[in-house]
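Single-structure report; data block below.
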Amino acid sequence: MKSVSEQIDLLLRGAAQVISNEDLKKKLSKNIPLRIKLGVDPTAPDLHLGHTVALAKLRQFQDLGHTAVLIIGDFTSMIGDPTGRSTTRPPLSREAILANAKTYQDQAFKVLSHDRLEVVFNGEWFGKMSFAEVIRLSSRVSISQMMQRRDFKERLQAGTDIRHHETVYPIMQGWDSVMVRADVELGGTDQLFNILVGRDLQKDEGQEQQVAMLLPILEGLDGTQKMSKSLGNYIGVTETPSDIFGKAMSISDDLMWRWYILLFGKSEQEISQLKNGHPMEAKKSLAQALVERFHDSEKARQARTDFEQKFSKRDVSSADLPALTAAASITALDLVMSTGKIASRGEARRLIQQGGVELAGQKLADPQASLTPKTGDVLKIGKKLFYRIA
RNA sequence: GGGUAGGUACCGAAGUGGCCAAACGGGGCAGACUGUAAAUCUGCUGGCUUUACGCCUUCGAUGGUUCGAAUCCAUCCCUGCCCA
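Be aware that the first sequence starts at 4, since it is given in my numbering, and climbs by one per residue.
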């Protein structure tokens, strides 16, 4: 096992806040594997890079010899974490939760190691609790304490309703920490309150208190807003190698360094070393590393080669492109529409008129022009869509 | 339950009888420039077509008034705020 200071150096990279550094150091000094808790809500079926920030941190702990305790919130997700929400969220059905949990694990293992891992469902203990126990547990947290949470306070002020069960959520999350005897709990910065409740409850139970390690929110492709599905600025972990690679290449340089730190735990020295080279090289390496993480190294190399051919060398002659069957004689408009990727004929018309469509290297200008596409010709629509005529 | 302000395109927000497919901003898409980056500039951004100031659908819902309605009237649904 690495020395405490080496571990600290690695673990603190990218962390937004740790409560407290001293506690963490003390725990590490015991030189026995720590139990690192990460609770996840199986509410959304697909993970994106934003979700993997905490997973990557958890993996770091695993690599240092600590035990990852992944809590699947099958029970808590029936409530829905109110964190960051301005409205009560609709509960999920049992079946949906279990199906999501399965998908979640499959995807999480692209980042996590199977070694030194425990996966538990919190229904194991919450499902058995009696109402009396629930009341006893609830009595440990005061309402005014609960109302200190920013999202509750704001909702209260804004006059939107807060349902009673939502205030129970932090208590349940805290109780999870007690049940798994967590040494460290990971979470986004918005999880501060919930994780601190865990510390309180552990203290009440006579346990050593967990360290709260908060990780920053990952910015999405646009570089400003948080990565989220609804904003469409995300990279999903199940996306194809070329999509992951291409999307990663489209981010700004500033964002690239953030991703290096948050997703790959790079140190300041490593970053400044990368900054000495060409930024595009650094970005390609990042993109390649991402593909490797979610697929494999062979596919990552392939994605990079394809990308370089398609874009850097602008040579698509040998690249692997989706095939498109076209009639011997067809108008430019119909050819573009036959890809099925363009929403309306009006949009296709606009693309052509604005010079966004090329066939065999020739820009098309007239939507009505009659074309005779040959087998092997490449159709390029906009920046990202490529087809080879079959 | 009472009062009050509202519901407009992906989002925000103008428009209060014809010049409204609906200003403006954001977002998105495309082009130029680049490192297919960012920033910047330009264009586009409901659908269809024979691309025309043509047709169709749209301004919470349904009916109505009118030659003509996002705009006026009626009923209904939903949301915020204040009071109880």
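We treat Cβ as the ideally placed atom computed from N, Cα and C, and that holds for glycine.
Being a predicted model, the structure only gives us computed values, none of them experimental.
Check whether the Cβ atoms of Lys30 and Leu218 sit closer than 7 Å, and answer yes or no.
no
Indicate the three-state DSSP secondary structure (helix, strand or coil) for Gly42 in the structure shown.
strand
Give the DSSP bridge partners of Ile75, in chain order.
Val43, Phe124
Enumerate in chain order the residues of its own chain whose CB-to-CB distance from Ala57 is below 8 Å, with the five nearest sequence positions on each side excluded.
Leu41, Leu189, Gly190, Gly191, Leu218
Going by C-alpha to C-alpha distance, which of Thr106, Leu15, Ile35 sits closest to His51?
Thr106
For the alpha helix (DSSP H) that Ile100 lies in, which residues bound it at each end?
97–111
Proximal residues to Thr342 (C-beta, below 8 Å), its chain only, five neighbours per side dropped:
Leu327, Leu382, Ile384, Leu388, Tyr390
Segment contact flag, the segment 67–75 with the segment 268–285, C-beta cutoff 8 Å, min 3 pairs
no
Can you list, in chain order, the stretches of the beta strand (DSSP E) that have 3 or more residues and sit fully within the segment 129–204?
187–191
Beta-carbon contacts of Arg296 that lie in its chain and below 7 Å, excluding the five residues immediately before and after
Lys113, Val114
Skipping 5 residues on each side, what residues in its chain have a beta carbon closer than 6 Å to that of Pro370?
Ala335, Leu336, Arg352, Ile355
Given that a residue counts as buried once 16 or more other Cβ atoms are within 10 Å of its Cβ, and exposed if not, what is His281?
exposed
Which ranges would you report for the alpha helix (DSSP H) in the segment 203–254 if only whole runs of at least 4 residues count?
244–252
Would you call the CB atoms of Ile198 and Phe124 closer than 7 Å?
no
Taking C-beta to C-beta, are Ser80 and Pro45 nearer than 7 Å?
yes
Determine, using beta-carbon pairs with one atom in the segment 94–103 and one in the segment 130–147, whether at least three such pairs fall under 8 Å.
no
Given a cut-off of 7 Å on the beta-carbon distance, is the pair Pro244 and Ala330 in contact?
no
Can you check the segment 251–314 for any alpha helix (DSSP H) of at least 4 residues that lies completely inside it and give the ranges in chain order?
256–267, 271–279, 282–297, 300–310
Quick check on the burial criterion: 16 or more other C-beta atoms within 10 angstroms. Buried or exposed for Lys5?
exposed
Which word fits Glu222, buried or exposed, when buried means at least 16 other C-beta atoms lie within 10 angstroms of its C-beta?
buried
Closest by CA to Thr170, which one among Lys287, Asn236, Arg152?
Arg152
Runs of alpha helix (DSSP H) wholly within the segment 44–70 (minimum 4 residues, chain order):
52–66
Based on the DSSP secondary-structure assignment, which residues constitute the bridge partners of Ser373?
Thr334
Just how far apart, CA to CA, sit Ser89 and Ala368?
Because the pLDDT of Ser89 is 48, which lies under 50, any placement of that residue in the model is unreliable, and the number read from its coordinates should be weighed accordingly. If I take the Cα positions, the gap works out to 48 Å.
When you compare each of Ala111, Arg143, Glu127, Met252 to Leu120 by their alpha carbons, which one comes out closest?
Ala111
Residue from Ile174, His117, Ile11 with nearest C-alpha to Phe139:
It should be pointed out that residue 139 corresponds to Arg in this sequence rather than to Phe. Looking at the Cα atoms, Ile174 is the closest of the given residues.
As assigned by DSSP and simplified to three states, the class of Leu37
coil
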